Structure formats: C-alpha cells, structure tokens
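Below is one structure, written out as structure tokens; comments come after it.
Residue numbers (the working numbering), protein chains in the order written: chain A, 15 to 482; chain B, 15 to 482.
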C-alpha cells in the first residue's frame with residue numbers, strides 16, 4: 015500500500031502524458047506490421063499496382079525535369095505548371111482511362127476556351143456596369159446547363175470529366191481580368207502545356223507495361239465463367255458427400271462465384287474505358303465490348319441460381335448429413351454437374367484464348383439429357399419409395415433440386431449462346447494444330463471427346479505465356 | 015429513265031454536299047424531340063437534379079462576383095481564380111460528397127504545402143546541380159507512394175481525392191521557380207482562396223435545398239425492402255393464376271426487386287458519403303451507417319431467391335398455364351406470400367419512419383408456420399395423388415417450391431434481425447398515438463392484428479408530408 019501511494023505522489027504532467035502516449039507507442043509495432051502485411055498483400059494481388067505507382071512517379075518527374083530546364087521555363091512562364099497538373103489528373107490505371115481523360119481534357123479546354131473568349135468579348139461591350147452582370151449571367155447559365163448534362167447516364171459514363179473541365183476553363187477564361195490579347199496568349203500557352211502533359215502521360219501509360227481495360231474486361235468475364243464451372247465441379251461431390259477428386263477444389267474455391275453477383279459496376283466501367291482504347295493484342299478497334307455486358311448479366315443470373323443451390327447444400331449438410339441418396343439419382347446429378355463444369359470450363363478457356371467454343375454446347379446438351387433422365391428416375395423411384403414409405407425429406411430435397419438444375423441449365427445455354435455471338439462478331443478463329451503434337455501435351459482436366467476439343471485444348475498450351 | 019439521267023447531269027459539289035447534309039437536317043427535329051423527352055424524364059425522375067444544377071450555377075456566380083469586385087481582386091491577385099476552381103471541383107450532389115471533397119482538398123493542400131515548402135528548401139541547399147536531381151527524386155518518391163496508397167480500399171473510399179490534391183499541391187509548391195518568401199506568400203493566398211471557395215460551396219450546398227446522402231441511403235434500403243414485399247404481394251396470385259386484388263400490383267411492379275441485385279456499389283458509395291455528414295433530421299452524427307450495408311447485402315441475398323422464384327413463375331406460366339393446384343397447398347402458399355409481404359412492408363415502413371418494427375417478426379413467424387404446414391400437406395397429398403397416378407409434373411413443381419420458400423423465409427428472418435439491430439443501435443423510438451384517432455385514419459392495405467401495428471401505422475400517416 016505504501017509503495018502505491020509513493021508512486022502516485024510523483025504523478026505530474028509528464029508522467030500523466032506518458033501514461034496516455036505509452037499505449038499508442040506500444041501499439042505502433044503491431045500497426046506497422048499490419049500496414050506492411052496489407053501493403054504486400056495489395057502488391058502481390060496485382061503487381062501492376064506497384065508498376066502503376068512507379069509509372070506515375072516517372073511521368074511527373076519527366077515532365078517536371080522537362081519544365082525545369084530554362085529555355086522551356088522562359089518560353090511558357092508559370093502556366094507550364096499546367097503540364098505537371100495535367101499528368102497528375104490525367105494518369106489513370108488503364109490506357110483507356112488515361113486516353114479518355116486526356117481527350118476529355120483537351121477537347122473541353124479547346125471548346126470552353128473559345129466560348130469563354132467569346133463571352134469575355136461580349137461582356138466587355140456592356141461597359142463597366144453591364145460587364146459583371148453579363149458575365150455572371152453567362153457563367154450561371156453555362157454552369158447550370160453543364161452540371162445538368164452530367165446527369166445524363168451516357169454523358170456521365172464517358173464525358174463526365176470533360177464537362178467538369180469545360181465549366182472550369184470557361185470560368186477561368188471568361189472571368190479573368192486580363193485584356194483580350196493577354197487572354198489569347200494565356201489560352202494558347204495553357205492549351206500547349208496541357209497537350210505536352212497529355213503527350214508525356216500517354217507515352218508513359220502506353221509504352222511502359224500498359225494496362226488495357228479491354229483485356230481486363232475480357233479476362234474478368236472469362237474468369238467469372240470459370241468460377242461458375244468451379245462451383246459445379248465441387249457441387250456434386252459436396253452434395254452427395256463423395257470424396258473430392260485430388261482435393262483440388264476446396265470449399266473456399268467453390269464460393270468464388272459470389273464475386274460475380276457484385277461485378278456489374280466493375281464490368282460497366284471497364285466497358286466504358288475499353289471503348290477509348292485503340293487496337294491492342296487480339297482486340298480490334300471496334301471490338302464488340304457491349305456483348306461482354308450481356309454475358310456478364312447472364313453470369314449474374316446464373317450466379318443467383320448457384321446462390322440458391324449453395325443454400326440447398328448447407329441445408330443438406332445440416333439436416334441430413336450422412337444420408338445416402340438413391341444410386342441412379344446421384345449418378346444423374348453427378349453427370350449434370352460434371353458436364354456443366356466441363357462445358358463452362360471449355361467456354362471460359364475458348365473465350366480467354368479467343369477461339370470459338372465449339373464443344374461447350376455439346377456438354378450442356380449432355381447435361382440437359384441427364385436432367386431429363388433425372389426427372390424420369392425421380393418418377394420411378396418415388397413410386398417405389400412411396401410404397402416402402404421411406405424418408406420423405408430426402409424425396410422432397412432431391413425432387414426440388416431437379417427443376418432448379420433445369421432452370422440453371424437454361425441459364426447456362428444462354429451464356430453459351432452469348433459467347434458464341436461474341437465469337438462470331440469479333441471473328442474468333444479456330445487454330446489448327448498438327449495432330450501429332452496432341453497426345454504429348456494432353457495434361458489438363460479436360461477430356462477431349464472429339465477433334466474440336468483438341469483444337470481448343472492446344473491453343474491454350476501454345477498461348478499460355480502470352481498474358482503479361 | 016430520261017428524267018433520271020437529266021437530274022444526274024446537274025450533280026456538282028453543292029448538290030453532292032446537300033445530299034449528305036439533308037438527311038442530317040431532316041433528322042434534327044426528331045433528335046430535338048428525343049433530347050427534350052430525355053431531359054424532362056431525367057428532371058421528373060428526380061427534381062433535385064435541376065435544383066443541383068441551379069445551385070452549382072449560383073455558387074459559381076456568387077464566388078465570381080465576390081472575386082470581381084476590385085478590393086478582393088487586388089488583394090489576392092490571380093490566385094483568386096482558385097476560389098472559382100474550388101467551387102467547381104468541390105460541389106457534389108450530396109452534402110456528404112461536398113463536405114468530404116472540401117475537407118480532403120483543404121487538408122491535403124495544407125499538408126502538401128508544408129511538405130513542398132520543406133522539399134523546396136532542402137533542394138535549394140544542393141546548389142545548381144543538386145537542385146533538379148533532389149527535386150526530381152522527392153517528386154518521384156512522393157508521387158509513387160501517394161499513387162500506391164490510393165489502391166488501399168479504405169483510402170480509396172474516403173481519401174482518394176485528398177491524395178490526388180496532395181500530389182498536385184506538393185508538385186506545384188516544390189517545383190515552382192520562386193524564392194522561398196514568394197512561395198510562402200503563394201501558399202498563403204492559395205490556402206485562403208481555397209477556404210473561401212469551400213465556404214461558399216458548403217454554404218450553398220447545405221442551406222439551399224440540401225441533399226443528404228444519409229437520408230438517400232436510408233430510403234434506398236427501405237425501398238428495397240418494400241420491393242421485396244411487392245414481389246411477394248403479387249407472387250402468390252400470379253403463380254396460382256388468381257385475379258389480382260384491385261389490380262394494383264402489375265407485372266412491372268413485381269420486377270422491381272431486380273434493381274436490388276445491382277445496388278451494392280450505390281449503397282457503398284452512399285455509406286461513405288453519409289459518414290462525412292453532420293447531424294441532420296433524425297440522423298445523429300454517429301448514425302450506424304454500416305448496418306445499412308449489412309441489410310443491403312441480405313436484401314441482395316433475398317433478391318437472388320426471388321430471381322429463382324420468378325424463374326419458377328415463368329416455367330409455371332409456359333408449361334402448365336391453366337393447371338389447378340390442390341386446394342390446401344394453394345392456401346398455404348398464398349398465406350406464406352401474404353404474411354411475408356405484410357411483414358416486409360411493415361419492416362420497410364418502420365425503417366422509413368424510424369420506429370421499431372415491432373410486428374414484422376410476428377408476420378414472418380406466421381409465414382414459417384404456414385411453410386411447415388405446406389410441407390406436411392405436401393406429404394399427405396402426395397400419398398393420395400400417387401395412388402391415383404395423377405400429373406407428376408405438378409407434384410415436382412409445387413414440391414420444389416417448398417424448400418425454396420423455406421430458404422427465402424430464413425433469409426428474410428435475417429433481414430428483420432438486422433433492421434432490429436439497426437433500430438436498437440440508432441435508438442428508434444415507438445411513437446405513442448392516442449387510440450381514438452386510430453380507426454379514422456385506417457386506410458392502408460395493412461391489417462392491424464394487435465396494438466403495436468397501430469402505432470407503426472399511425473406514425474406513417476403523421477409523417478407522410480415530411481420527406482422533401
């Protein structure tokens with residue numbers, strides 16, 4: 015007790031502060047570790063993020079050095095700073111984003127500069143009293159109209175930044191207190207520095223490890239189809255409590271389809287960015303980007319069905335964990351799942367490698383036939399079981415699976431049709447491979463059932479190194 | 015033939031041009047009409063858009079007039095233009111957006127200004143050769159780090175704009191060719207004009223018809239729950255081919271739940287904006303906005319089930335349009351649907367009016383009981399029908415409906431729990447209403463089953479005029 019009291023007597027302002035600061039300092043190492051973990055995770059998930067950060071640093075440094083050397087500095091004056099500002103605001107993650115913002119900025123500056131110059135001239139005719147009134151009116155009307163136009167969905171998607179810069183430049187030019195010839199000079203140098211900034215930005219963005227929004231969209235949609243396949247690959251075995259083949263598809267993998275449910279906004283923004291991009295890789299200038307939105311929307315519809323199927327799986331697990339299902343039913347269900355999985359996987363691979371998905375439809379048709387068989391098995395079996403008065407829960411559960419699977423198959427057929435539509439519009443070409451090479455490279459999980467599969471299979475092996 | 019030839023003989027440059035221009039001019043009226051239709055639709059859908067456009071115009075005009083008067087113009091020099099720029103880039107649709115951007119801009123400018131000043135001073139110690147190298151290095155490192163930080167999801171959601179302005183201001187200050195005292199003056203005037211711009215913006219945004227992101231989020235989530243209710247209101251009657259009550263719920267209304275499926279990004283951005291907002295209306299400063307995300311995510315899970323139920327509805331319509339379903343089954347299904355619909359509607363109304371949803375749970379419990387009854391009816395009936403060897407398709411279809419409905423009910427229970435959690439955290443209070451007023455105002459579709467409902471019901475009537 016005496017010791018406690020004596021320690022309290024020493025308490026002044028400094029120890030009091032220390033008592034507050036100490037826990038914060040004690041937490042610092044843990045916070046630093048957490049930050050480091052997050053940073054490495056972020057970088058590992060997509061190394062292009064690190065590259066992008068370095069690219070932005072490079073572009074700004076290049077422009078600022080370009081600007082630092084006297085001849086240029088004397089030539090453009092302080093407005094050269096606009097070159098640096100342009101790099102900072104225009105440089106986006108993808109080439110499409112950068113080109114879109116750059117074009118928006120240049121075009122809006124040109125148009126608003128001309129209009130602002132006109133407004134400035136008109137207002138100067140109004141004399142000392144009329145000038146501020148007219149200028150205020152012009153600025154009010156143009157700002158209100160441009161702001162309202164930003165609400166149009168099509169304008170918002172592609173020209174939102176342009177409209178912002180339009181108002182900005184118009185106000186800057188029309189409201190500046192300079193004389194007309196000074197404004198013309200200002201407008202000219204601003205335009206030129208913005209162009210220089212845009213050139214540097216586009217150069218670094220396109221020629222140093224470019225990130226194409228179109229390629230990203232293409233792979234995103236293909237990966238989503240792959241996630242659907244992964245679900246079906248695991249679903250049959252999980253539902254019937256069978257051991258997983260090679261243990262390759264775990265529970266975590268099966269849930270990958272969930273990201274599809276919220277992919278709409280991402281797909282839409284990538285499509286908008288992709289439309290700014292020039293020809294690159296296998297993508298032509300007018301690649302049918304809008305078809306990806308269709309496929310994406312069908313993917314989401316299908317993912318909704320998987321969400322319900324997944325709910326069934328949980329119910330099955332909790333309510334009748336070890337129950338055996340009638341043999342033929344299980345067989346047909348497993349067949350449906352494996353055919354759907356193979357079909358979707360081939361579809362995803364075909365899409366990724368840009369070859370026509372020739373055999374996917376055949377797999378889905380087989381799944382359809384199996385679903386019909388399931389239905390008739392269900393009928394027969396119910397009659398048998400009914401007379402034996404066996405577990406009714408089991409019947410209801412498997413019976414309810416069959417229309418849901420049929421519904422899902424219908425959804426997948428639509429996905430296949432959309433991908434085939436994309437393949438025909440975009441002109442995907444099947445790649446011929448000498449048949450002698452085929453058997454040696456056969457190692458994937460796909461089982462080639464006839465010639466077409468071999469073709470699709472081989473393209474994958476050949477192109478495997480291409481994505482960067 | 016002769017006439018054709020003679021008309022071709024006259025073809026010169028002008029007629030050739032006319033032939034191209036004419037169709038464009040011919041299309042102009044149609045295009046103008048289309049534009050007008052789109053504009054009126056956009057304005058009618060949400061009149062706040064028009065008000066927002068006028069508000070932006072007003073704020074810019076106010077700042078530019080403030081700037082036009084000589085004393086201020088002479089005081090701040092050309093940097094006053096930054097006030098106008100600030101208004102343009104900071105003014106957002108919602109108060110939360112405007113405050114967030116304003117705070118980001120002010121804080122980032124302050125921090126980057128100080129750092130840039132330091133960098134400028136350090137670089138000047140390096141002499142004529144060291145200066146550009148050190149400046150280049152500083153700019154490269156800071157730009158790369160800030161750009162990478164923008165990839166952190168939490169930073170992107172709240173401080174993306176601030177990080178952009180940070181790089182921008184740092185480059186502007188550190189790279190400027192001025193002497194130190196000039197930079198200090200520049201930084202001071204820039205800071206002051208940005209503050210003036212922010213003040214004007216926030217003033218107009220908050221005091222002229224404010225749009226609160228928090229209120230929008232609150233109503234969005236309540237409307238989504240209402241959409242789920244609307245689906246169930248129509249589903250039972252549609253499925254069993256019964257005449258709709260009063261014809262009020264059409265096919266179009268039933269599909270409203272589809273917008274929920276893609277509401278995630280909207281809800282997330284509204285939540286981020288709402289967190290910047292001060293106390294307003296019934297919302298306190300630390301209102302639990304994150305719980306809305308939980309409810310939204312459960313709404314989407316439920317909407318997935320509705321998507322599948324809707325698919326069943328289409329199948330039923332096309333494959334067995336006029337088939338009669340066994341009486342007791344139909345009754346129980348209708349009961350489930352009407353109870354779910356009432357429960358969800360009360361939940362939505364309670365949420366909208368910020369009173370605890372006291373009776374919603376009771377409705378859902380009733381729906382659960384009905385679902386259990388449906389199950390046992392299904393058992394009995396199947397034995398009867400089996401012996402009569404009647405239509406099997408019907409059995410499978412209705413049997414498959416029952417686990418799906420049970421699954422959906424489980425999902426709705428979670429929604430009710432989340433809303434109750436929100437009600438308790440946010441401190442929703444039940445409003446006491448004199449019981450004498452109750453019978454006169456009873457006109458809605460809700461059937462009060464005990465006292466609590468009356469309370470919820472009356473609050474709605476009282477508050478009906480409050481949303482603006």
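Idealized CB from N, CA, C, for every residue including glycine.
Note that the structure is predicted; figures quoted are calculated from it, not measured.
With 16 as the cutoff for other CB atoms within 10 Å, does residue 328 of chain A come out buried or exposed?
-> Numbered from 1 along the first chain, position 314 holds the residue referred to as residue 328 of chain A. Its Cβ having fewer than 16 others within 10 Å, residue 328 of chain A is exposed.
Does any CB atom of chain A fall closer than 7 Å to the CB of residue 181 of chain B?
-> Position 167 of the second chain, counted from the first residue, corresponds to residue 181 of chain B. Cβ-Cβ to chain A under 7 Å: yes for residue 181 of chain B.
State yes or no: is the beta carbon of residue 71 of chain A nearer than 7 Å to at least one beta carbon in chain B?
-> Taking the first residue of the first chain as 1, we reach residue 71 of chain A at position 57. Closer than 7 Å to some Cβ of chain B, the Cβ of residue 71 of chain A qualifies, so yes.
Between the stretch 426 to 444 of chain B and chain A, which residues of the former have a C-beta closer than 9 Å to a C-beta of the latter?
-> none
Within 7 Å, strictly: CB atoms of residue 140 of chain A and residue 287 of chain A | If you number the first chain from 1, residue 140 of chain A lands on position 126. If you number the first chain from 1, residue 287 of chain A lands on position 273. In this structure, residue 287 of chain A does not lie closer than 7 Å to residue 140 of chain A by Cβ.
Can you tell me the Cβ-Cβ gap for residue 109 of chain B and residue 291 of chain B, rounded? I've got them flagged as a contact below 8 Å.
-> Reading the second chain from its first residue, position 95 is the one you call residue 109 of chain B. Reading the second chain from its first residue, position 277 is the one you call residue 291 of chain B. Their Cβ separation, rounded to whole angstroms, is 6 Å, which keeps residue 109 of chain B and residue 291 of chain B in contact under 8 Å.
Burial state of residue 167 of chain A, where buried means 16 or more other Cβ atoms lie within 10 Å | Here residue 167 of chain A refers to the residue found at position 153 of the first chain. Answer is exposed; the Cβ neighbour count stays below 16.
Taking 7 Å as the CB-CB limit, is residue 45 of chain A close to chain E?
-> Any reference to chain E falls outside this structure, whose protein chains are A and B.
Going by DSSP, which residues form a beta bridge with residue 294 of chain B?
-> Reading the second chain from its first residue, position 280 is the one you call residue 294 of chain B. Answer is B/297.
Tell me, to the nearest whole angstrom, how far the beta carbon of residue 107 of chain A is from that of residue 225 of chain A; I am working on the premise that it is less than 8 Å.
-> The residue labelled residue 107 of chain A in the question sits at position 93 within the first chain. The residue labelled residue 225 of chain A in the question sits at position 211 within the first chain. With a Cβ gap of about 6 Å, residue 107 of chain A and residue 225 of chain A count as contacting.
What is the residue span of the alpha helix (DSSP H) that residue 271 of chain A lies within?
-> Translated into positions along the first chain, residue 271 of chain A becomes position 257. Here residue 271 of chain A belongs to no alpha helix (DSSP H), and DSSP marks it neither H nor E.
Using a cut-off of 8 Å between C-beta atoms, extract the partners of residue 126 of chain A located in chain B.
-> Working through the first chain from its first residue, we reach residue 126 of chain A at position 112. Near residue 126 of chain A there are no residues of chain B at all, since even the closest Cβ is about 11 Å away, more than 8 Å.
Please name the residue in A/102, A/40, A/96, A/47 whose C-alpha comes closest to that of residue 66 of chain A.
-> Along the first chain, one-based indexing puts residue 66 of chain A at 52. Closest option to residue 66 of chain A, Cα to Cα, is A/102.
Is residue 292 of chain A near the ligand HEM, judged by its Cβ being under 6 Å from some heavy atom?
-> Among the components modelled here there is no ligand, and therefore nothing to report on the ligand HEM.
Whole-angstrom distance between residue 184 of chain A and residue 208 of chain B, CA atom to CA atom = Walking along the second chain from the start, residue 208 of chain B turns up at place 194. Walking along the first chain from the start, residue 184 of chain A turns up at place 170. Each residue's alpha carbon lies about 19 Å from the other.
Any residues in the stretch 273 to 297 of chain A with a beta carbon nearer than 8 Å to a beta carbon of chain B? Which ones, in chain order?
-> 275, 276, 278, 279
Quick one: grab the DSSP three-state call for residue 255 of chain B.
-> As a working mapping, residue 255 of chain B is identified with position 241 in the second chain. Correct three-state label for residue 255 of chain B: coil.
So, is the C-beta of residue 150 of chain A closer than 7 Å to a C-beta in chain B?
-> The residue you call residue 150 of chain A lines up with position 136 of the first chain. Yes, contact with chain B.
Cβ of residue 80 of chain B less than 7 Å from any chain A Cβ?
-> Position 66 of the second chain, counted from the start, is the residue given in the question as residue 80 of chain B. No, residue 80 of chain B does not count as interfacial toward chain A.
Other residues of its chain near residue 317 of chain A: CB distance less than 6 Å, five sequence neighbours each side excluded | One-based indexing of the first chain puts residue 317 of chain A at position 303. Only 271, 274, 275 meet the Cβ criterion.
Buried or exposed for residue 152 of chain B, please, with buried defined as at least 16 other CB atoms from any protein chain shown within 10 angstroms of its CB.
-> Your numbering for residue 152 of chain B matches position 138 in the second chain. That one is buried.
Hey, out of B/62, B/223, B/353, whose CA is closest to residue 250 of chain B's CA?
-> Locating residue 250 of chain B in the second chain gives position 236, where the first residue counts as 1. Measuring from the Cα of residue 250 of chain B, the nearest candidate turns out to be B/353.
Should residue 364 of chain A be labelled buried (16 or more other beta-carbon atoms within 10 Å of its own) or exposed?
-> Mapped onto the first chain, residue 364 of chain A falls at position 350. Buried, because 16 or more other Cβ atoms sit within 10 Å of the Cβ of residue 364 of chain A.
By the 10 Å Cβ neighbour count, where 16 or more other Cβ atoms means buried, how is residue 6 of chain A classified, buried or exposed?
-> Residue 6 of chain A is absent from the structure shown; chain A starts at 15 and stops at 482.
Indicate the three-state DSSP secondary structure (helix, strand or coil) for residue 460 of chain A in the structure shown.
-> The sequence position of residue 460 of chain A within the first chain is 446, counting from 1. At residue 460 of chain A the pLDDT is 38, less than 50, meaning the model places this residue with poor confidence and gives no usable figure here.
Residue range of the alpha helix (DSSP H) that residue 373 of chain A falls in?
-> Position 359 of the first chain holds residue 373 of chain A. No alpha helix (DSSP H) contains residue 373 of chain A, which DSSP labels as neither H nor E.
Let me know the secondary structure DSSP gives residue 33 of chain B once reduced to three states.
-> For the purposes of this step, residue 33 of chain B is taken as the residue at position 19 of the second chain. DSSP places residue 33 of chain B in helix when its eight states are reduced to three.
Is it true that the stretch 120 to 134 of chain B meets the stretch 218 to 232 of chain B, where meeting means three or more beta-carbon pairs spaced less than 8 Å apart?
-> no
Just the C-alpha distance for residue 164 of chain A and residue 182 of chain A, rounded to the nearest angstrom, thanks.
-> In the first chain, residue 164 of chain A corresponds to position 150, counting from 1. In the first chain, residue 182 of chain A corresponds to position 168, counting from 1. Going by the C-alpha atoms only, they are around 14 Å apart.
Is residue 236 of chain B helix, strand or coil by DSSP?
-> Working through the second chain from its first residue, we reach residue 236 of chain B at position 222. In this structure, residue 236 of chain B counts as helix in the three-state DSSP scheme.
N-terminal and C-terminal residue of the alpha helix (DSSP H) that residue 96 of chain A is part of = Within the first chain, the letter at position 82 stands for residue 96 of chain A. Per DSSP, residue 96 of chain A belongs to the alpha helix (DSSP H) from 95 to 104.
Show which residues of chain B have a CB atom less than 7 Å away from the CB atom of residue 165 of chain A.
-> Looking up residue 165 of chain A in the first chain gives position 151. Neighbours of residue 165 of chain A on chain B, chain order: 56, 63.
Could you have a look at residue 139 of chain B and say whether DSSP puts it in helix, strand or coil?
-> Counted from its first residue, the second chain places residue 139 of chain B at position 125. Coil, per DSSP.
Nearest chain A C-beta to residue 413 of chain B closer than 7 Å, yes or no?
-> The count along the second chain starts at 1 and reaches residue 413 of chain B at position 399. True, the Cβ-Cβ gap to chain A drops below 7 Å.
For the putative contact between residue 319 of chain B and residue 322 of chain A, defined by C-beta atoms under 8 Å, what is the C-beta separation to the nearest angstrom?
-> Counted from its first residue, the second chain places residue 319 of chain B at position 305. Counted from its first residue, the first chain places residue 322 of chain A at position 308. Right, their Cβ atoms sit about 6 Å apart.
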